[in-house]
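Going line by line, the protein sequences match chains A and B. Mapping of the first sequence onto full-length UniProt numbering: position 310 corresponds to residue 310, and the numbering continues sequentially without gaps. Mapping of the second sequence onto full-length UniProt numbering: position 346 corresponds to residue 346, and the numbering continues sequentially without gaps. We put the CB at the ideal spot given by N, CA and C, even for glycine. Only a predicted model underlies this, so the values are computations on that prediction, with no experimental measurement involved.
Number of protein chains: 2
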Amino acid sequence: GWSLVLMSPGTTSHRDPPPPTTPLNMYGKCNHPPDSSSSCNRLGFLQKNNSLEERSRIVSSFKERAAKNLLSCDNIGGDARFRRTETDFSNLFARDLLPAKNGEEQTIQFLLEVVEILTNYIRKTFDRSTKVLDFHHPHQLLEGMEGFNLELSDQDTLKYGVRTGHPRFFNQLSTGLDIVGLAGEWLTSTANTNMFTYEIAPVFVLMEQLTLKKMREIIGWPDGEGDGIFSPGGAISNMYSVMIARYKFFPEVKTKGMAAAPRLVLFTSEHSHYSIKKASAALGFGTENLILLNTDERGRVIPADLEAKVIEAKQKGYVPMFVNATAGTTVYGAFDPINEIADICEKYNIWLHVDGAWGGGLLMSRKHRHKLNGVERANSVTWNPHKMMGVPLQCSAILVRERGLLQGCNSMCAGYLFQPDKQYDVTYDTGDKAIQCGRHVDIFKFWLMWKAKGTIGFEQHIDKCLDLSAYLYNKIKNREGYEMVFNGEPQHTNVCFWYIPPSLRGLPDSEERWERLHKVAPKIKAMMMESGTTMVGYQPQGDKVNFFRMVISNPAATRSDIDFLTEEIERLGHDL
Amino acid sequence: GWSLVLMSPGTTSHRDPPPPTTPLNMYGKCNHPPDSSSSCNRLGFLQKNNSLEERSRIVSSFKERAAKNLLSCDNIGGDARFRRTETDFSNLFARDLLPAKNGEEQTIQFLLEVVEILTNYIRKTFDRSTKVLDFHHPHQLLEGMEGFNLELSDQDTLKYGVRTGHPRFFNQLSTGLDIVGLAGEWLTSTANTNMFTYEIAPVFVLMEQLTLKKMREIIGWPDGEGDGIFSPGGAISNMYSVMIARYKFFPEVKTKGMAAAPRLVLFTSEHSHYSIKKASAALGFGTENLILLNTDERGRVIPADLEAKVIEAKQKGYVPMFVNATAGTTVYGAFDPINEIADICEKYNIWLHVDGAWGGGLLMSRKHRHKLNGVERANSVTWNPHKMMGVPLQCSAILVRERGLLQGCNSMCAGYLFQPDKQYDVTYDTGDKAIQCGRHVDIFKFWLMWKAKGTIGFEQHIDKCLDLSAYLYNKIKNREGYEMVFNGEPQHTNVCFWYIPPSLRGLPDSEERWERLHKVAPKIKAMMMESGTTMVGYQPQGDKVNFFRMVISNPAATRSDIDFLTEEIERLGHDL
Numbered sequence: 001g002w003s004l005v006l007m008s009p010g011t012t013s014h015r016d017p018p019p020p021t022t023p024l025n026m027y028g029k030c031n032h033p034p035d036s037s038s039s040c041n042r043l044g045f046l047q048k049n050n051s052l053e054e055r056s057r058i059v060s061s062f063k064e065r066a067a068k069n070l071l072s073c074d075n076i077g078g079d080a081r082f083r084r085t086e087t088d089f090s091n092l093f094a095r096d097l098l099p100a101k102n103g104e105e106q107t108i109q110f111l112l113e114v115v116e117i118l119t120n121y122i123r124k125t126f127d128r129s130t131k132v133l134d135f136h137h138p139h140q141l142l143e144g145m146e147g148f149n150l151e152l153s154d155q156d157t158l159k160y161g162v163r164t165g166h167p168r169f170f171n172q173l174s175t176g177l178d179i180v181g182l183a184g185e186w187l188t189s190t191a192n193t194n195m196f197t198y199e200i201a202p203v204f205v206l207m208e209q210l211t212l213k214k215m216r217e218i219i220g221w222p223d224g225e226g227d228g229i230f231s232p233g234g235a236i237s238n239m240y241s242v243m244i245a246r247y248k249f250f251p252e253v254k255t256k257g258m259a260a261a262p263r264l265v266l267f268t269s270e271h272s273h274y275s276i277k278k279a280s281a282a283l284g285f286g287t288e289n290l291i292l293l294n295t296d297e298r299g300r301v302i303p304a305d306l307e308a309k310v311i312e313a314k315q316k317g318y319v320p321m322f323v324n325a326t327a328g329t330t331v332y333g334a335f336d337p338i339n340e341i342a343d344i345c346e347k348y349n350i351w352l353h354v355d356g357a358w359g360g361g362l363l364m365s366r367k368h369r370h371k372l373n374g375v376e377r378a379n380s381v382t383w384n385p386h387k388m389m390g391v392p393l394q395c396s397a398i399l400v401r402e403r404g405l406l407q408g409c410n411s412m413c414a415g416y417l418f419q420p421d422k423q424y425d426v427t428y429d430t431g432d433k434a435i436q437c438g439r440h441v442d443i444f445k446f447w448l449m450w451k452a453k454g455t456i457g458f459e460q461h462i463d464k465c466l467d468l469s470a471y472l473y474n475k476i477k478n479r480e481g482y483e484m485v486f487n488g489e490p491q492h493t494n495v496c497f498w499y500i501p502p503s504l505r506g507l508p509d510s511e512e513r514w515e516r517l518h519k520v521a522p523k524i525k526a527m528m529m530e531s532g533t534t535m536v537g538y539q540p541q542g543d544k545v546n547f548f549r550m551v552i553s554n555p556a557a558t559r560s561d562i563d564f565l566t567e568e569i570e571r572l573g574h575d576l
Numbered sequence: 001g002w003s004l005v006l007m008s009p010g011t012t013s014h015r016d017p018p019p020p021t022t023p024l025n026m027y028g029k030c031n032h033p034p035d036s037s038s039s040c041n042r043l044g045f046l047q048k049n050n051s052l053e054e055r056s057r058i059v060s061s062f063k064e065r066a067a068k069n070l071l072s073c074d075n076i077g078g079d080a081r082f083r084r085t086e087t088d089f090s091n092l093f094a095r096d097l098l099p100a101k102n103g104e105e106q107t108i109q110f111l112l113e114v115v116e117i118l119t120n121y122i123r124k125t126f127d128r129s130t131k132v133l134d135f136h137h138p139h140q141l142l143e144g145m146e147g148f149n150l151e152l153s154d155q156d157t158l159k160y161g162v163r164t165g166h167p168r169f170f171n172q173l174s175t176g177l178d179i180v181g182l183a184g185e186w187l188t189s190t191a192n193t194n195m196f197t198y199e200i201a202p203v204f205v206l207m208e209q210l211t212l213k214k215m216r217e218i219i220g221w222p223d224g225e226g227d228g229i230f231s232p233g234g235a236i237s238n239m240y241s242v243m244i245a246r247y248k249f250f251p252e253v254k255t256k257g258m259a260a261a262p263r264l265v266l267f268t269s270e271h272s273h274y275s276i277k278k279a280s281a282a283l284g285f286g287t288e289n290l291i292l293l294n295t296d297e298r299g300r301v302i303p304a305d306l307e308a309k310v311i312e313a314k315q316k317g318y319v320p321m322f323v324n325a326t327a328g329t330t331v332y333g334a335f336d337p338i339n340e341i342a343d344i345c346e347k348y349n350i351w352l353h354v355d356g357a358w359g360g361g362l363l364m365s366r367k368h369r370h371k372l373n374g375v376e377r378a379n380s381v382t383w384n385p386h387k388m389m390g391v392p393l394q395c396s397a398i399l400v401r402e403r404g405l406l407q408g409c410n411s412m413c414a415g416y417l418f419q420p421d422k423q424y425d426v427t428y429d430t431g432d433k434a435i436q437c438g439r440h441v442d443i444f445k446f447w448l449m450w451k452a453k454g455t456i457g458f459e460q461h462i463d464k465c466l467d468l469s470a471y472l473y474n475k476i477k478n479r480e481g482y483e484m485v486f487n488g489e490p491q492h493t494n495v496c497f498w499y500i501p502p503s504l505r506g507l508p509d510s511e512e513r514w515e516r517l518h519k520v521a522p523k524i525k526a527m528m529m530e531s532g533t534t535m536v537g538y539q540p541q542g543d544k545v546n547f548f549r550m551v552i553s554n555p556a557a558t559r560s561d562i563d564f565l566t567e568e569i570e571r572l573g574h575d576l
């Protein structure tokens, strides 16, 4: 089910017959021995009825098509270059691409065809007249994919995907499609190396080192000193922070296990991200030893509650080891008061981690960075450029104030992986700091964007997103049919609200009203996805029934898109 | 230091003046307020002397260049399309790209320019007359990058990188550059979504589900039943296996921590990958509770040693919980005898994990899959398509025989992340199975390659690599100046050998000889990297001094490249 991957969206006229119901041979439909010159490993992009063709015909058909359609000089600058409705690779064999002898021509042509499809997709992504998604239920999509069969009907990976860069996609904390970042990702995948050693990734390893230093400077650690690493996402970054804290206070746990430590307890807000809880479970603390802190009406930790619970834990004989302060909670976008929390951590000698996965980006804004005041007092910070800063997924950093802990915590000094007798300075081999072995290159796209936009470019983007959320907040706070989940201007771009359909507006504040309201957001969201016009998330939180959580990190979004969203909610929800 | 990213390799004529020594303003050289229409966030690709230019001139210069150079129809098929030596984006501003108004033209052109550079790189990667790398020491590269300064001198990310797809790159377990996989990765990054929920990645979520099932079928689990997930690498996959095993036997650890379990011990071979040790440390077992198993001369676990150590642990009151059997060790390429190990695991009720990160690919080969006989008896299997199967990094799967454990172990049921009241079947939302929250899309490139090559295509690739390693083994096993680290034909593509320079050949088997031999491989490797002609790894192992470990997973490699490697080792090592 992937042939339409390489067809233009919407083209479904060449459906193949339904998949056979007989079980698949493990080697596909082909039973020839591997060395036979059969056609079984034909590139499956388009399974048409073509039989085996001569090599020369393939090349000439490519040339012909290229001359007619692809990137034709006459058409550059006009829409003509998007006119082609179908890309036919039926005569192309995977084995004809490089490293095949004389495979260069076909390889380049193949990649250019792919790029044409991708640029077409990008063009549509930013076009407000296209849908955000073309929703199908799992069973509907599976019909075309089940069986993993080369003869399968067409599907279009891009067509049935979600345009996360669409100006009206507001569903996740990571939205938007940054073109410079995308170029960086294409280059990264072409380089196809990993961050294991300087030997195999010299430039990327240095870029990571310099970028982490820059991030530490922005946090406010003197001279950008400290340590850090890019990890496969904020959850893993947060997991690192707990591991490093444990190593700092109880290094013997590394060799002897949790039995070597007293009963350790961790603290985080009831509004914090579930990755802290996942880390508690995975690392052997147990989720019951993660103590949830009360928050104020805006979702911010109440420092007095932290101190009370620290004292209570100590009285029970437990050892308070780790506090997570969230800078930008997932739902409310709340910033915990870091300075007051830091005071308590210093008083009781507890590791302070700041989870700035979502809110860390605000450090780039002179206008908004005060919301993270005190972050320089943290022992570690999670900061995901792939969220508020629009870097393509995945790009998350864990930053550590004290140098050496990451290495001490994770290194196993495997001589067969890290040879000390290399000709270069092996302190640049960062692999042993990680819990991973091979590690994806997440740095280049970020580096490239930073170079292209400058810090000021990130600042402008962040300020604009926060302006847009203030616009939304001011628009709906007193508007009929809307109710805010909490009062006051949002700290981050999260705007949390209920839409109250006319049928519910007269109801008294009763359980029945809340029960009915609980069902409104899911219904609107379902209709929204069916119509594919926009996407925004909803969820319950604590004792609050389902509400919409609008977040804005998409650089393509404008006030008109915000207006569109509220109109769409009102249109879909009016008769509920 | 990245302007040359977008210049052809080797072009270094436009060096900028040395970086200023004054400290950088956090916002770069620009002190304008964010809303000023200054030129500070000019795309930094090439920092020339051009001042601000009109939009129209930019477009026309693009068109002009395109007509002259880029993908020109007249030149398609000839080398002329690579003649251009420099790509000048000095007039391009990041803010002029989409979502900028009328940014479409410039966006498409920009991406096409990037692709031209990438295709040029790809062409050179497969060209044996180019170097594998152009080595520079960290301090040399840093000279151009330090300070993170927009005014910096040119560097070329691709130029100073390592061509991991070069036919003579043998340094890692992951080598080669698969064109279809690359296209898949470009598409993945353009789609820029994550595997969190069906809602935002419908097609990729289903592809993952179908592919995991197919892999479980190949392992031999009835009807491909079971569970699994793609993770950011083999180390994380192995970590999952330990977590799941613990959850199976001691589910209360999730809530109560390791204190709720007796002293648990894990077993793995002294030749196994260090990720098992990393997992022991991270998850709170402690590395001392990971018991290393003795191996035979070929690096395979001795089952009797496992049983003896299990009994010993039980006698001490410890609980043997987890055994890792490696299918394809990192250095020797050894396959532990899974069936005999499985017998012991069944007898003592221990979780059996098979780490097939490196050797799992052999399951695709009818000729070689017998080396993993018994794998269907494992409780969990790690299998990295990004290693032996040539899928671009990262692509690693953890497969679990019993359904439900992954979910039970990791789920936190956060209602604000996973809404149960969606309109589709939310069992497709796999996010809560993972220790991650957002998760990179690693499936599409693999899916596309499988479709394009078929199982038979992977089989041919694997058989060819093993044939090549047999060729190398047979060539050097009795050749003067070579000594094998262990006897007999390698089980995987790992060929481990010492090169003995003429000056050492007469020496008796003494400590002095081994000490001198220990220094030979590092010296040859250093010279090899300086000359950039080929790359192969070396390391010590146990009491064996530094030796070369040749591995072949590169689809571009041929017998002539193997011959080249031995000639190069002899050329560089002859006078040591």
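Contact between B:I276 and B:N339 fails: their C-beta atoms lie close to 21 Å from each other, not under 8 Å.
Following the DSSP letters along the chain, one finds A:G234 in no beta strand (DSSP E) but inside the alpha helix (DSSP H) bounded by residues 234-249. With 16 or more neighbouring CB atoms inside 10 Å of its own CB, A:T534 falls in the buried class. Three or more pairs of CB atoms, one per stretch, sit closer than 8 Å, so the region 238-253 of chain A contacts the region 372-381 of chain A. Contact annotation for A:Y538 against chain B: Q419 [CB-CB distance below 8 Å, chain order]. For the region 485-546 of chain B, the full-length beta strand (DSSP E) segments reaching 3 residues or more read 495-499, 535-541 along the chain.
Take the alpha-carbon of B:E489 and the one of B:K477: they are about 9 Å apart. Between B:E297 and B:F486, the C-beta spacing is below 8 Å. In terms of Cβ geometry, B:H492 and B:G333 form a close pair [threshold 8 Å].
Using a Cβ-Cβ cut-off of 7 Å, A:A556 is close to P99 of chain B, given in chain order. With respect to the C-alpha of B:G457, the residue from B:V162, B:M388, B:P251, B:Y482 having the closest C-alpha is B:M388. Here A:G228 is bridged, per DSSP, to A:L399.
Taking A:K278 as the centre and dropping the five residues before and after it, the same chain places the C-beta of A235, M239 closer than 8 Å to its C-beta, in chain order. Secondary structure note for B:F285: it is in no beta strand (DSSP E), with a DSSP letter that is neither H nor E. When beta bridges are read from the DSSP output, A:W383 appears opposite A:G356, A:A397.
Taking B:P555 as the centre and dropping the five residues before and after it, the same chain places the C-beta of G176, G390, H461 closer than 6 Å to its C-beta, in chain order. Taking B:G532 as the centre and dropping the five residues before and after it, the same chain places the C-beta of K131, V132, L133, D134, F135 closer than 8 Å to its C-beta, in chain order. The shortest C-alpha to C-alpha distance from B:F267 to any of B:H370, B:F285, B:T255, B:A260 is the one to B:F285.
Counting along the chain, the unbroken alpha helix (DSSP H) around B:T190 starts and ends at 179-191. Setting aside the 5 residues that flank it on each side, A:L468 is surrounded in the same chain by T493, I552, A557, T558, R559, I562, each with a C-beta closer than 8 Å to its C-beta; the list follows chain order. As for any beta strand (DSSP E) of minimum length 3 sitting wholly inside the region 298-370 of chain A, the runs are 319-326, 351-356, ordered along the chain. Nearest to B:M529 by alpha-carbon distance, out of B:E568, B:K519, B:A201, B:R95, is B:E568. Sorting B:N120, B:I200, B:K159, B:R163 by C-alpha distance to the C-alpha of B:Y428 places B:I200 at the top. Rounded to the nearest whole angstrom, the CA to CA distance from A:E480 to A:L158 is 39 Å. A:A452 is the residue among A:D336, A:Q423, A:A452 whose C-alpha sits nearest the C-alpha of B:A94. By the criterion of a C-beta distance shorter than 7 Å, A:I398 is surrounded in its chain by G228, I229, S231, S237, Y240, S241, S380, T382, once the five residues flanking it on both sides are discounted. Taking a cut-off of 8 Å for Cβ pairs, the region 206-223 of chain A and the region 356-375 of chain A touch, as three or more such pairs fall below it.
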